Each structure stands twice: as C-alpha cells, then as structure tokens.
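Worksheet: the structure to be examined is printed underneath.
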Amino acid sequence: SLSERLQGVFQKLRGKGVLREADVDEALREVRLALLEADVNFKVVRDFLLRVRARAVGTEVLSSLTPAQAVVKIVNEELIATLGGGLSKISLSGSPTVVMLVGLQGSGKTTTAAKLAWQLRKAGQRPLLVAADVRRPAAIQQLLTLGKQLDIPVYSEGSQVPPPQICANAAKRAREMAYSVVILDTAGRLHVDDEMMAELERVRARTSPGEVLLVADAMTGQEAVRVAEEFHRRVGLTGLILTKVDGDARGGAALSIRAVTGVPIKYIGVGEKTDALEPFHPERLASRILG
Amino acid sequence: LTGTGQVTDGLWSELERLLIQADVGVSTTVELVEKVRARAAREKIRDTAGVKQALQEAMLELLQGAAISPSPILYPVPSASHPLPAPLYVILVVGVNGVGKTTSIAKLANIYRRAGLDTVVAAADTFRAAAIEQLQVWGQRVGATVIAHQPGADPGAVVFDALQSCLARKAQVLIIDTAGRLHTKYSLMEELKKVKRVIAKQVPGAPHEVILVIDATTGQNALAQARQFTQAVEVSGIFLAKLDGTARGGMAFAIARELGIPIRYVGTGEAVDDVAGFDPQEFVRALFA
Ligand SMILES: Nc1nc2c(ncn2[C@@H]2O[C@H](COP(=O)(O)OP(=O)(O)OP(=O)(O)O)[C@@H](O)[C@H]2O)c(=O)[nH]1
Ligand SMILES: Nc1nc2c(ncn2[C@@H]2O[C@H](COP(=O)(O)OP(=O)(O)OP(=O)(O)O)[C@@H](O)[C@H]2O)c(=O)[nH]1
Ligand SMILES: [Mg+2]
Ligand SMILES: [Mg+2]
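Those sequence lines, one after another, are chains S and Z.
According to the working numbering, the residues represented by the first sequence are 13 to 303, in order.
According to the working numbering, the residues represented by the second sequence are 249 to 537, in order.
Written out as structure tokens, the structure is:
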C-alpha cells in the first residue's frame, strides 16, 4: 500500500517537526507511482502533485502522526477535495427533466439508464426511458426488455427515425403524459467521430436536458481525459457516472475526468443488476485510487 | 521526439511520458526505457532518431516474445499447411463487460463464412438483456447459424446443445459467445470454467482457441483481466477491440511480457469488416504517431 511504501521513505527522518522539501519530494515520487498505476492521467498527476507539494512543504507534523502519515493525510484530503464537491444528485428542475446519457461504446449507458429510472421511481418520480440508440443490433430490444422487467415505460420509434427526432418526440410525449423525468439512452460513440458527436449536439438542442451525464468505465486508462474533454466541449456535461466499480480497477479515470471537466461525480455502477447504482462517496474512491 | 537532435536527459522523461500516456504502464515503461538507455550507452547512440529506433525495436521484441504464430485470420481457408482442427474448430470468446465480445464474434464469423466455411455461433450469454437477440441479428447478417436457448438458461446447456448440433451436421467452425463478467467475480469465473469443461468433454482438444477480448481504452486493469482469465480458462489469444479510438492499447506490452499471450486480432470499428490480423510493426508505429 502507499502508506507502507512511504514508511520506507521517511525512515531516515529523525523525530517530527516540519516537512522539508527534499522529504516531501521523495514521498511524492511514491505517490506519483501509485497514481499512475491507478490510471490517473499523466498531466493530471503532475498538476495534482504540485498542489499537494505546495500544501505539504513547511507543514508541521502533528505529534500523533509520522511524517509519512502526514503526507498521506494531505494527499488523501486533496484527493477527496478534488473528487468530491458539486451537486451530487440529479437536479429535477424541468417538467419533465430530461437526463441525457452519453459515452463511449460499451461503458454501461443502457444498463445505467434502467438503473437510474428504477432509483428515481423509488424516489417518487415518474420516469420515461427513451430508446435513442438506433445503431447497435438489438439495442432497442435491450432497453425494452429492461423496461419490461422493471415495469417502466420505454419510448421507442424503432431504428428508422433519427435519434434527435425520437428524443424530441419523447420529451413532448412526456410533457403530455405528465412524466417527471425522461432518460435518453444514446448510442455509444467515439469522441473523435464528428458526425456522431454532431448528432449528440442535435439531441441536446432539441431536448434542452437538465442533466447530460457522461457514463464512463472505471477501468478506462489515460485517454479518459481526452474523451471527457471532447464530450464536454461538444455537448456540455453536467455530471459523471462511473460504472463497473464492482471490479478491481483502481478508477483513476474518475480523478482525471473530474480534474479536467470539473463535473461532479453523481453515481457509481456497482453491478449488472438494476439496483446496482449507488451515490458517489469521494472518501472511498480516494483510498481505492491511492491503493 | 520528432526532432533529429542530440540525446539529452529530457529525452528519457519524454519517452517515459509517451509510453505512460499510451497505457503501457509504469513498470513496463521503466523496463523499456532502461533497456534502451543501456543500449544507447553501449552502442553510443547519440541522436534522438537512433534512440526512437532502439525503443521501437525493444517494443517489438517484447511483443514477439509472446507466442506469435500466424494469426488464424490469415488462414481461414483450410489448407495442407493450416488444416482446421477436426471434427470441429471451437473458439471460446471471453472477457469483462462491454469490451466488444459479441461484435468481435460477428466479425470472426464473417471471415469464416466468406471463406466458405459452415460457421455456427452459440448464444451462451443467457443473462444480459437482449444478448441473444443481438447475436441473432449478427448471425443473420453474416450467414452464421445461431444456437440459442431462452434467457436464463444454463450457459453450459447452450454450449452442449451447440456442440452436439455442430457435430451432427458436420459444421466446421463454432464460436461461443459468453456473458461479460468481471474477473473478480468468483462464481462467474467458475461458470466459465464449467463451460470450458463441457467443451473439452464433447470435442477432444477443444476449445482450440480461447480469445480474450480487451477494450483498447482500458488502463492497467487489462493485465489483471488477462491474468485472471488465463488462470481460469487458459487464454490463447487476445482480440484488442476499439483500437479506432484514440487509446493506443499499450497494456498489450505488459500482457506479452508477463503472460506471453499474443494479440491475434484488432477491432477497428463497429461494422462487421472492422477487423484485422494483429500487425506488431504497425501497432508499434501507431503508438509513436
Ligand atoms: N459488473 C458491472 N457490469 C456493468 C455495470 N454497468 C454496466 N455493466 C455491464 O456492462 C455491459 C455493457 O453495458 P451496456 O449498458 O450495454 O453498455 P452501453 O454503454 O449501453 O453500450 P453501447 O450502447 O454499446 O455503447 C453489460 O454487460 C452490462 O451488464 C456495472 O456497474 N458493473
Ligand atoms: N468503435 C468501436 N466500437 C466497438 C468495437 N467493437 C465493439 N464495439 C462496440 O462496443 C459496444 C459493445 O460491444 P458488444 O459486442 O456488445 O460487447 P460485449 O463484450 O459483447 O458486451 P457484453 O456482452 O455486454 O459484456 C457496441 O456498441 C459495439 O458496437 C470496435 O472495434 N470499435
Ligand atoms: Mg447501449
Ligand atoms: Mg455480448
């Protein structure tokens, strides 16, 4: 673990006192390794460590801590501060509120759409799921099946109508039928696929979503930054849902995405079943990233 | 790095950055850079072009350390030098959730179909919503028979049924689609081992290929996936999907280095033709592009 590695670094420090530059730099070398091994983006690690360094150098080491523990405490606090913050709930402002789920192929959007609908209904909302993926074979069927299992209505116009139209019609139908939340399940797409990103812009333009959530896989590597930046630039994200957190990926992508886009992490996906969606706790993810 | 200048200290940290950002991972990166630094010192390589060349060679060496035999994609048509395993060529496809297994199976089935081989796919993902329907759509598109039971059926039973049916009608290739599963889930990995036992019992020597599909956007967790799936069902090759994104798939090096598993195929898009046999030279070149 990071604490164990750092113990070695500070063995040579006699007594307590103040954290000196050389000691902090040596400790941060270990922290850098831990963060990179956790898939935190290279540049995000560098900027993060500069902040930690600024806080750590010259700090008094409390008599109850070893110098190693003092550095880890600062790293942990800084990590929690960076990961947390921002509105952690879905803001239900419109009538209905449109929630748009976007992201790369296979990240867990369709499954998450169903999970979110189920959660919101438990909280007293009236959700409508919208099958806006007309590309992937049986994607519509996937959402219809999930909706049927949960007894949550699914709006679909088949695969021949353009998604922006489907979504606009769904929002209109939702207003007429007094649904309170409309959840748009869009097709997975590459951040560098201009046409598909333009389609997403059209969906947003026609539905004015209250939330645009990036659904990202916890095992995503260095590219998480570029993916998130591009989705944020084109569609404007309001939040992040990290999926497959029930695996053993350290989840550094979450730190990278939060650091570069500033969007709050709203939920984590912790399994394949529809109840496997939990509110996000920065402390837990922080200790997981640090290893 | 693009320059043709002299080697400076900054060059080594620049190379380290390039590799880490390509998801090569810290320990593999350190090993590669140290190796090249040592060689540069030994052979007095003083220019950046020479260093870059040396790094590319070290990376290729790592990849070729994995048992590279010609990708089966190059020999879908049986010949004297590359006969299909008899009586049935069985390919088991595994991997964590959402990486591209079902789509990759469609691509492989298409290759075998175009080579004129009687190809069957088994819908052994009986768990996920519309997993069976998804494979059925693909089966129709590529002309492969799909063997399926109902959702919730025992995957072992689907596989048994598929094998029996293939043997009876003398099909040539059977590709088995399994449910996505995290390698950390004990009961799901046990289920996969059971599926492999069912295959081995019905066809001696089968499965002839166990393909692990890995998402190119995955970071260091790909190594854990490869380790665990190999331990459970002996992965024989990797299908690196979604290489058409901006991720470089650098964890392929760590997997080659630690487990010696070759990359067999790469997925380059969502269409049925978006597949190619793995080309190590091209892969290394793209990482530097
Ligand atoms: N273990 C686990 N699996 C998940 C989680 N979320 C989604 N999955 C699984 O991940 C796989 C992909 O999920 P989908 O919902 O189809 O992903 P998607 O983003 O809609 O995929 P595309 O529409 O093709 O882009 C499925 O096998 C899901 O069951 C999670 O939190 N944990
Ligand atoms: N861009 C791109 N997308 C791909 C590639 N391969 C698969 N996909 C997409 O990734 C998503 C998931 O593909 P699937 O084939 O359903 O993945 P899977 O591993 O079978 O998923 P589960 O069965 O749910 O675990 C789909 O949207 C595919 O179209 C690829 O090479 N490139
Ligand atoms: Mg989907
Ligand atoms: Mg599948």
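A virtual CB, placed ideally from N, CA and C, is assigned to each residue, including glycine.
This one's a predicted model, so the numbers in the text were calculated from it and none came from an experiment.
Only residues of its own chain outside the window of five on either side were considered, and among them E90 have a CB closer than 8 Å to the CB of S:R63, listed in chain order. The beta carbon of Z:R533 is closer than 8 Å to those of Q304 in its chain, skipping five residues each way along the sequence. Look at S:V36: its beta carbon is at least 7 Å from all of the heavy atoms in ligand 2. With the criterion set as a beta carbon lying under 8 Å from some beta carbon of chain Z, the members of the stretch 250–266 of chain S are K256, D258, G259, D260, A261, R262, G264, A265, in sequence order. Residue state for Z:D522 is assigned as coil, using DSSP reduced to three classes.
For S:K121, the Cβ stays outside the 7 Å cut-off from all heavy atoms of ligand 4. Here DSSP, grouped into helix, strand and coil, assigns S:G264 to helix.
Shown here for S:I86: same chain residues with a beta carbon closer than 8 Å to its own, the five before and five after excluded, namely V64, R67, A68, T71 in chain order. Between Z:V406 and Z:A371, the beta carbon gap of about 6 Å places them in contact (Cβ cut-off 8 Å). For S:T157, the closest of Z:W386, Z:Q382, Z:V390 by C-alpha to C-alpha distance is Z:Q382. Excluding the 5 residues flanking it on each side, Z:F501 has same chain C-beta neighbours closer than 6 Å at V272, T276, L310, in chain order. Taking C-alpha positions only, Z:L430 is separated from Z:T466 by approximately 13 Å. The DSSP assignment places 274–290 as complete runs of the alpha helix (DSSP H) inside the stretch 265–301 of chain Z, in order along the chain (cut-off: 4 residues). Chain S has no Cβ within less than 8 Å of the Cβ of Z:W260.
From the listed residues S:D163, S:D260, S:K278, S:A271, the smallest Cα separation to S:N53 is found for S:A271.
For the stretch 325–365 of chain Z, the full-length alpha helix (DSSP H) segments reaching 4 residues or more read 349–362 along the chain. The shortest CA-to-CA distance from S:E241 to any of S:D59, S:P149, S:G115, S:L254 is the one to S:G115. Excluding residues up to 5 positions away in sequence, A371, A396 lie with their Cβ nearer than 6 Å to the Cβ of Z:I380 in the same chain. Not a single C-beta of chain Z is nearer than 8 Å to the C-beta of S:V215. Going by DSSP, Z:K442 is part of the alpha helix (DSSP H) stretching over 434–450.
Inter-segment contact for the stretch 359–373 of chain Z and the stretch 488–508 of chain Z is absent: fewer than three beta-carbon pairs are separated by less than 8 Å. Assignment of S:D206 by DSSP, reduced to helix, strand and coil, places it in the helix class.
Between S:L202 and the set S:L61, S:P165, S:L212, S:T273, the nearest pair of CA atoms involves S:L212. Of the residues Z:L266, Z:V514, Z:F531, the one whose Cα lies closest to the Cα of Z:S352 is Z:V514. For Z:D257, the number of other beta carbons within 10 angstroms of its own is below 16, and it is reported as exposed. Selection Z:A314, Z:S329, Z:R287, Z:G313 evaluated against Z:Q301 yields Z:R287 as nearest (Cα-Cα).
For S:D37, the enclosing alpha helix (DSSP H) begins and ends at 33–49. S:P294 sits away from S:L47, with the two beta carbons spaced by 8 Å or more. S:V227 places its beta carbon 8 Å or farther from that of S:G98. Ligand 1 has no heavy atom closer than 7 Å to the beta-carbon of S:A183.
Judged by DSSP secondary structure, S:L132 falls within the alpha helix (DSSP H) whose first and last residues are 121–134.
Taken atom to atom, the span from the alpha-carbon of S:A288 to that of S:V282 is near 5 Å. One thing to note: Z:Q450 has its Cβ within 8 Å of the Cβ of Z:F408.
If you compare the alpha carbons of S:I164, S:D163, S:K256 with that of S:T232, the shortest gap goes to S:K256.
Residue state for Z:A370 is assigned as strand, using DSSP reduced to three classes.
Within chain S, the residues whose beta carbon sits less than 8 Å from that of Z:D492 are L202, listed in sequence order.
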